[in-house]
Structures are given as C-alpha cells and as structure tokens.
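First to last, the sequence lines map onto chains D and S.
Mapping of the first sequence onto the numbering used here: residues 108 to 444, in sequence order.
Mapping of the second sequence onto the numbering used here: residues 108 to 444, in sequence order.
Idealized CB from N, CA, C, for every residue including glycine.
Quick caveat, the model's predicted, so the values are computed rather than measured.
Written below as structure tokens is the structure these notes are about.
Protein chains: 2
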Amino acid sequence: MEKINIRKLASILNISVATISKAMRDSHEISDATKKRVWDAARKYNYTPNPYASSLRRKKSKTIAVILPEVADNFFSLAINGIQAVAEAKGYHVLIYLTHESFELERTFVEDCCSGRVDGLLISITSETQTPDHIAKLQKENIPIVFFDREFEQITAPKVVTNDYDCGYQSAKLLVQRGCKNIRFLSISESLPICTKRAQGFLDAMAETVKNFGEEEAIYYCNGNNEQTRDHITKLLLSRPKVDGIVASVERLAIQVYLACQELKIKIPRNLRVIAFSTVETAPILNPSLSTVTQPAFDIGKSAAEILFTLMAGKDYGYHKKPVMIPSQIIERDSTK
Amino acid sequence: MEKINIRKLASILNISVATISKAMRDSHEISDATKKRVWDAARKYNYTPNPYASSLRRKKSKTIAVILPEVADNFFSLAINGIQAVAEAKGYHVLIYLTHESFELERTFVEDCCSGRVDGLLISITSETQTPDHIAKLQKENIPIVFFDREFEQITAPKVVTNDYDCGYQSAKLLVQRGCKNIRFLSISESLPICTKRAQGFLDAMAETVKNFGEEEAIYYCNGNNEQTRDHITKLLLSRPKVDGIVASVERLAIQVYLACQELKIKIPRNLRVIAFSTVETAPILNPSLSTVTQPAFDIGKSAAEILFTLMAGKDYGYHKKPVMIPSQIIERDSTK
DNA sequence: ATGAAAGCGCTAACAC
DNA sequence: GTGTTAGCGCTTTCAT
C-alpha cells in the first residue's frame with residue numbers, strides 16, 4: 108500500500124482535492140453526506156493531512172516552543188504541565204528545548220524558532236543571558252514571545268512572574284524574627300531578575316532590621332553543577348563567624364544546603380535556619396521539613412501560555428506594559444523554627 | 108522589510124535559488140566564494156530556510172516526539188534530559204506530549220505523530236493502555252518507535268528497560284531480612300510491565316521466604332490523584348494486622364506513604380519499613396532517608412533516543428528482538444534499617 | 001560551478 | 001456544494 112495523500116484519496120472517492128480539504132476541516136461549505144464519506148474514507152485509508160504541507164500553505168505551524176533551563180526541577184516541571192494543559196486544549200504542539208544554563212544553546216534554540224517553525228515562544232532565560240539580540244531578532248520576525256519566571260529586563264514583552272521582591276523581603280524578616288544573626292542569600296546569578304529582585308527584598312529587610320548591616324557579604328553566589336555548588340556551600344558553612352540563616356533563591360540550592368549540612372553534621376534548624384524558593388513536593392517530609400516560598404509554578408506556566416495564545420490570535424491586551432504577577436505563598440515548616 | 112525567502116535572497120544576490128539552497132546546506136557543488144556570499148547575505152537579511160517547506164520536500168521533519176505520562180516525576184525528567192541530549196547533538200527537535208495516564212490522550216498524541224510530523228517516537232505508555240492498535244498504525248506508516256521504561260508487551264519494537272523483576276525480588280528480600288512480617292507491594296497498574304514484573308519478583312521472593320504466603324493480598328493497587336492515593340494508603344496503614352513493610356513501585360507512591368505516615372504518626376522504619384523505585388533527588392535528606400531502587404533514568408532516555416536514531420537512519424541492529432536492559436541500583440538508607 | 005524547472009501535499013481564491 | 005488551479009518555499013534532478 109502506497110503512502111496516501113489528498114490526491115489519492117480524491118481519486119478513490121471521485122471527489123476533488125478541494126472538497127476533501129474542506130471536508131477534513133469540517134467546512135460549512137461541504138454537505139454532511141460528503142463529509143461523512145470523506146471522514147470514513149480517511150479512517151479507512153489512514154489518511155491524515157500532512158501537517159507540514161498545511162503549515163507551509165497556511166503559514167501557521169500549530170506549534171509553540173518552550174525554552175527553559177532544565178526540566179529536572181519541580182518548578183519547571185509544573186510550569187510545563189501548565190503550558191501543556193493550555194496547548195493541548197488548543198490542539199497545539201509543544202517543542203521543548205533545554206538550555207542547561209548555557210547562553211549559547213539558548214541563542215541557537217531561539218534562532219531555531221525563526222522562519223515559521225513555531226507560532227510563538229515561551230522562555231525562561233539562562234542565568235548567563237546578558238544580551239537581548241537573539242530575542243530581538245525573533246520579535247522582528249513578529250513571533251510572539253512571553254517570558255515566564257526568568258524574564259529579561261531590557262526586553263519589552265509580556266512576562267509572568269511572582270512577587271520576588273516581597274518574598275525575598277519576607278524571608279529575611281522571618282529568619283531575623285527566628286533569631287538569626289548572620290544570614291546569607293544564596294544566588295545563582297548577578298543578572299537574573301528573579302535573583303536580583305529576591306536579593307533586593309532580602310537586603311532591604313536586612314538593612315531595616317540589622318544595625319550596621321554589611322551588604323557586601325550577604326549575597327553568596329553559587330554557580331556550577333551540583334557538586335561544585337555543594338563544595339561551595341560547604342566552604343560557606345565552615346567559615347567564621349558561623350552563618351546561622353540561609354535564604355536559597357532556587358530549589359536546587361536548598362537541596363545542596365541540606366546535603367552539605369548532613370555531611371558536616373550541622374543541625375537544621377538548631378545551628379542553621381533555612382528557607383528556600385521551592386516547589387519541591389518532598390518539602391514537608393524532608394529532615395527537617397523545609398520552609399518554602401512556594402511559587403505558583405503551574406499557574407505561571409498556564410498563564411504565560413494563555414497570554415501567548417491571545418498574542419498569537421493577534422490580540423493585544425497590553426500585557427507587555429506590566430508583568431503579570433502571581434503571588435507565591437510562604438509556608439513555614441521546621442527548618443526555620 | 109518584507110519577509111525574506113530563498114527567491115528574494117536569490118534576486119538580491121543575482122544567483123539562482125538552486126545555488127542558494129545548495130550553498131545553505133554546504134554542498135560540495137558550490138564554490139567557497141559563492142558559499143561565503145550566500146552565508147553573509149543570509150546573516151545580513153536574517154534568512155533561515157523555512158523548515159516546513161524543507162520538510163515537505165525532503166519528507167523528513169528533523170523532529171522526534173516523546174510521549175510520556177508526566178514530567179513532574181524525577182524519573183521522567185531525567186529521561187527527558189537524556190533524550191534531549193541526544194536529540195540536540197543530532198540537531199533534532201523534540202515534541203513533548205504528556206498523557207497524565209489517559210489512554211485517550213495517548214491515542215490522540217500517537218495519531219498526531221502520523222503523516223510525517225515526526226521522524227520517530229519515544230514512548231512510555233499510560234497505566235491504562237491495553238490495546239496496541241494506535242501503535243500498530245504508526246508502525247504501519249514506518250515511523251520508528253522505541254519504548255522506554257513503560258513498554259507494551261504485545262508490541263514488537265525496541266525497548267529500553269531496567270531489571271524490574273530482579274529489583275522487585277531484592278526489595279522483598281531486603282524487607283524480610285530486616286524483619287518485616289506483613290509486606291505490601293504498592294502498584295499503579297495490573298497491566299504495565301514495569302508493575303507486573305516488579306510485582307512478580309516481589310511475589311516470588313515472598314513465596315520463597317514466607318511459609319503459607321498469601322499472594323492475593325500482597326499487591327495493593329493505588330489509582331487516582333495524589334489525594335485519593337494518600338487516602339487509599341491511609342486505609343491500608345490503619346488495617347489489621349498491621350502492615351510493617353512496603354515496596355512502592357513508583358516514586359509518587361513513596362511520597363504519599365511518607366505523607367500518610369506523617370499524618371498517622373507512624374514511625375519509619377520502626378513501625379513501617381519502606382523501599383521505593385525512585386530517583387528522587389531528596390531521598391537522602393528525607394525524614395527518614397529513603398531506601399531506593401534507583402533507576403538509571405538519564406541513561407534509559409539516552410539509550411532509547413540513540414536506538415531511535417539508528418532506526419531512523421535505516422539501520423537495524425536487532426534491537427526489537429530483546430529489550431535493552433540497564434540495571435538499577437538498590438541503595439539502602441534509613442527507611443529500611 | 002551554476003541554473004531552470006518540476007513538484008513535495010496542501011489550501012484558498014475563484015469559477016461554476 | 002463542488003471543482004479548478006495557482007502557489008506556499010524549498011530541494012533536486014538534469015542541463016549547461
């Protein structure tokens with residue numbers, strides 16, 4: 108059996124290709140009887156319109172791309188769930204690209220999205236991203252783009268974020284209130300807004316609360332893979348005067364803090380209080396249970412996708428004017444008690 | 108500035124479209140000087156060949172699909188990382204479809220992969236999947252397919268799995284050795300080979316070790332969402348005679364067991380020993396640390412993708428004859444001590 | 001080394 | 001309500 112296509116099906120049914128095409132898309136121009144004939148034959152001969160021929164002709168791909176740092180992180184997993192839920196409802200396909208924090212890869216992937224491969228793009232940038240050119244290029248091609256969580260400040264585009272500053276602020280306040288004297292904010296980037304904003308909230312709270320607060324040491328940067336990060340954190344925990352409070356700006360760091368403490372036999376919360384921006388499911392059953400700034404990851408993904416679809420529909424509700432903010436929730440557990 | 112395409116670029120450069128096409132793909136037919144002219148112009152005018160026009164003409168999409176139950180599960184996240192690593196190296200694009208254990212969705216997604224949308228498919232089936240017709244259809248279209256982890260027994264195709272039977276067997280032995288008298292195997296499906304094989308290994312070990320072992324009660328099925336699962340597990344933990352050992356066949360169940368125990372104030376491992384098939388990163392820092400059958404998730408994904416690419420290259424190394432098996436590692440931690 | 005032209009499978013404008 | 005046909009942007013013979 109040869110590969111079926113619209114022309115073969117047309118000749119089998121003695122109908123024109125135009126009629127088939129319209130019937131397949133359930134056009135009102137076609138009679139119900141003909142539609143039924145076409146659908147039945149399509150099923151019988153296993154005919155599905157070639158999506159790329161269709162994309163070429165209609166200049167729509169029915170596909171969106173999601174570019175993000177990684178998937179093995181509960182925040183991003185949940186965000187993908189949200190995105191997928193919307194895409195699926197719209198009959199759209201989702202291309203996933205993982206940058207693993209490499210700017211080079213991010214640029215390559217963004218460029219891959221040009222020339223009609225996708226109708227829209229959702230992106231959470233890498234911790235390395237400093238230049239906006241690759242994104243600007245995409246915008247010049249009129250491909251809608253929506254940032255979620257990790258946005259890029261210099262670019263004007265719709266963005267879906269959480270209340271990073273506030274949460275940084277409240278995290279610091281909580282630790283101070285619990286008696287911490289020497290607190291560090293663990294960051295993964297000097298440029299990512301999620302980090303700088305959370306850090307700024309943290310710093311402002313500290314400056315308000317602690318006299319002679321020394322900003323310069325309060326932010327501790329952790330780059331590299333998990334092992335490097337753990338070593339780096341171990342160094343911090345061994346330094347004097349003893350650090351007694353930590354705000355982890357992302358999930359990954361919190362886990363490394365716990366592992367380092369386990370090795371060093373540092374008791375949480377007795378010797379060290381920890382709170383983390385995290386959606387990790389196991390937070391309540393960790394040893395000890397982890398206080399978290401729980402981000403609405405699913406809703407951030409969902410909302411970003413919904414905005415992207417309105418943009419792709421050619422509508423503009425002014426989303427680019429101001430980031431959409433979905434608040435996080437601070438859940439205190441044993442790690443800060 | 109109008110949308111660029113090969114014809115416009117050709118007329119700008121006073122070169123034929125054929126030459127442009129060949130130059131863009133670095134054909135040996137084209138002189139270096141011409142190639143350089145073309146590449147420079149392509150950069151200057153932001154020209155990228157339309158991928159769908161190319162796909163239509165060449166009948167290759169440079170895209171693979173991954174269909175899996177969910178992404179918010181460390182096993183699948185890691186598998187996706189492995190898959191993506193291979194795809195990226197080959198310059199391929201990855202479409203992701205999440206079934207959330209719905210067979211209907213799985214069928215829809217598989218059908219979406221027909222008609223040249225993808226060059227190949229990686230799939231981990233839902234716990235509901237019982238009929239192979241949707242997959243068979245794809246095979247009839249000669250689209251290569253590779254199963255990873257959750258395979259479908261009735262279909263002949265390459266499969267990448269782990270040593271499920273052995274690990275089920277050893278898990279049971281471990282719990283017996285640690286003194287458990289009343290052990291349950293928590294399963295999510297009566298048909299999924301990963302469950303039935305793990306269960307069979309478990310049952311065989313139990314039958315060997317325990318006199319008058321009652322098979323009928325030993326497997327406990329958990330379906331539904333997390334809350335339903337937790338309620339169901341709570342019921343089990345409250346029943347008499349007291350269950351004192353649990354093998355969780357998937358990660359998700361282990362977390363629910365911990366949460367149920369927390370609520371019921373059941374002490375692990377004193378009152379209940381737990382071991383789980385899981386790759387969860389937080390296993391060592393749970394309260395108590397969780398003994399796991401740690402699956403080589405990244406390698407399973409990577410290996411499945413590699414096999415898919417050999418198939419798409421038209422090679423056949425007989426992978427379909429026998430599943431590729433990558434062994435898991437049992438790591439005992441405090442939850443079974 | 002370069003170019004002309006056919007055609008991948010589909011859609012949409014237009015004719016009937 | 002159905003059919004004819006041009007052409008989406010590219011690749012690939014086949015000529016030159």
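With a threshold of 8 Å between beta-carbons, can residue i be considered close to chain D, or not?
| i | result |
| --- | --- |
| S/Ala160 | yes |
| S/His200 | yes |
| S/Ser209 | no |
| S/Val102 | Beyond the ends of chain S as shown, which are 108 and 444, falls residue 102 of chain S; an answer cannot be given. |
| S/Pro239 | no |
| S/Arg224 | yes |
| S/Pro376 | no |
| S/Pro395 | yes |
By the criterion of Cβ-Cβ separation under 8 Å, what are the contact partners of residue i in chain D?
| i | result |
| --- | --- |
| S/Pro391 | Leu366, Gln369 |
| S/Asn153 | Cys221, Lys244, Lys247, Glu248 |
At least one CB of chain S closer than 8 Å to the CB of residue i: is that the case?
| i | result |
| --- | --- |
| D/Val387 | yes |
| D/Cys221 | yes |
| D/Pro251 | no |
| D/Ser362 | In the sequence as displayed, the identity of residue 362 of chain D is Ile instead of Ser. True, the Cβ-Cβ gap to chain S drops below 8 Å. |
| D/Arg337 | no |
| D/Ser168 | yes |
What does a CB cutoff of less than 6 Å around residue i pick up in its chain, not counting 5 residues either side in sequence?
| i | result |
| --- | --- |
| S/Ser398 | Ile382, Glu439, Arg440, Ser442, Thr443 |
| D/Phe210 | Thr233, Glu235, Thr236 |
| S/Pro430 | Lys266, Val268 |
| D/Ile174 | Tyr204, Phe216, Ile230 |
Name, in chain order, the residues that DSSP records as bridge partners for residue i.
| i | result |
| --- | --- |
| D/Leu254 | The amino acid at residue 254 of chain D is misidentified as Leu; the sequence shows Phe. Looking at the DSSP assignment, D/Phe254 forms a beta bridge with D/Ile230, D/Lys266. |
| D/Tyr327 | D/Leu293 |
| D/Thr386 | BP columns for D/Thr386 are empty, so no partner. |
| D/Ile174 | D/Tyr204, D/Ile230 |
| D/Leu415 | Answer is none; D/Leu415 lacks a bridge partner. |
| D/Gln436 | D/Thr401 |
| D/Leu393 | S/Leu393 |
| S/Gly352 | S/Ile290, S/Arg380 |
| D/Val217 | DSSP lists no partner for D/Val217. |
| D/Val431 | D/Val267 |
If I measure Cβ to Cβ from residue i and keep anything under 7 Å in the same chain, skipping five residues before and after, which residues do I get?
| i | result |
| --- | --- |
| D/Leu310 | Glu322, Ala325 |
| D/Glu260 | Pro300 |
| S/Asn330 | Ile295 |
| S/Ala117 | Ser123, Val124, Ile127 |
| D/His207 | Pro176, Glu177 |
| D/His135 | none |
| D/Asn270 | Met432, Pro434, Ser435 |
| D/Ile242 | Val217, Ile252, Phe259, Ile262 |
Run down chain D in chain order and give the residues with a C-beta less than 7 Å from the C-beta of residue i.
| i | result |
| --- | --- |
| S/Gln191 | Leu205 |
| S/Ser184 | Val178, Ala179, Ser184 |
Could you tell me which chain D residues have their CB closer than 9 Å to the CB of residue i, listed as they occur along the chain?
| i | result |
| --- | --- |
| S/Leu415 | Going along chain D, no residue has its Cβ under 9 Å from S/Leu415, so there is no contact; the nearest lies around 16 Å. |
| S/Leu163 | Asn157, Tyr159, Ala160, Ser162, Leu163 |
| S/Asn332 | The contacting residues do not exist; S/Asn332 stays about 13 Å from chain D at best. |
Is it the case that the CB of residue i approaches a heavy atom of the ligand MN more closely than 7 Å?
| i | result |
| --- | --- |
| S/Asn157 | This structure does not include the ligand MN; it has no bound ligands of any sort. |
At a CB-CB cut-off below 9 Å, which residues of chain S make contact with residue i?
| i | result |
| --- | --- |
| D/Asn188 | Glu177, Val178, Ala179, Leu205, His207 |
If I measure Cβ to Cβ from residue i and keep anything under 8 Å in the same chain, skipping five residues before and after, which residues do I get?
| i | result |
| --- | --- |
| S/Pro376 | Arg285, Pro395, Asp441, Ser442, Thr443, Lys444 |
| D/Asp273 | Gly308, Pro434 |
| D/Asn289 | Pro348, Lys349, Val350, Asp351, Gly352 |
| S/Glu358 | Asp180, Asn181, Phe182, Ala383, Phe384, Ser385, Thr386, Val387 |
message: If contact is defined by three or more beta carbon pairs under 8 Å, each pair taking one atom from either stretch, is the segment 182-192 of chain S in contact with the segment 253-260 of chain D?
response: no
task: Decide if the segment 376-391 of chain D is in contact with the segment 158-174 of chain D; the criterion is three or more beta carbon pairs, one per stretch, under 8 Å apart.
output: no
- request: Indicate whether the contact test is met: 3 or more Cβ pairs, each with one atom in the segment 243-250 of chain S and one in the segment 215-225 of chain S, closer than 8 Å.
  value: Counting C-beta pairs closer than 8 Å gives three or more between the segment 243-250 of chain S and the segment 215-225 of chain S, which meets the contact rule.
task: Mind the definition here: the segment 361-372 of chain S touches the segment 338-345 of chain S only if three or more C-beta pairs lie below 8 Å; say whether that holds.
output: yes
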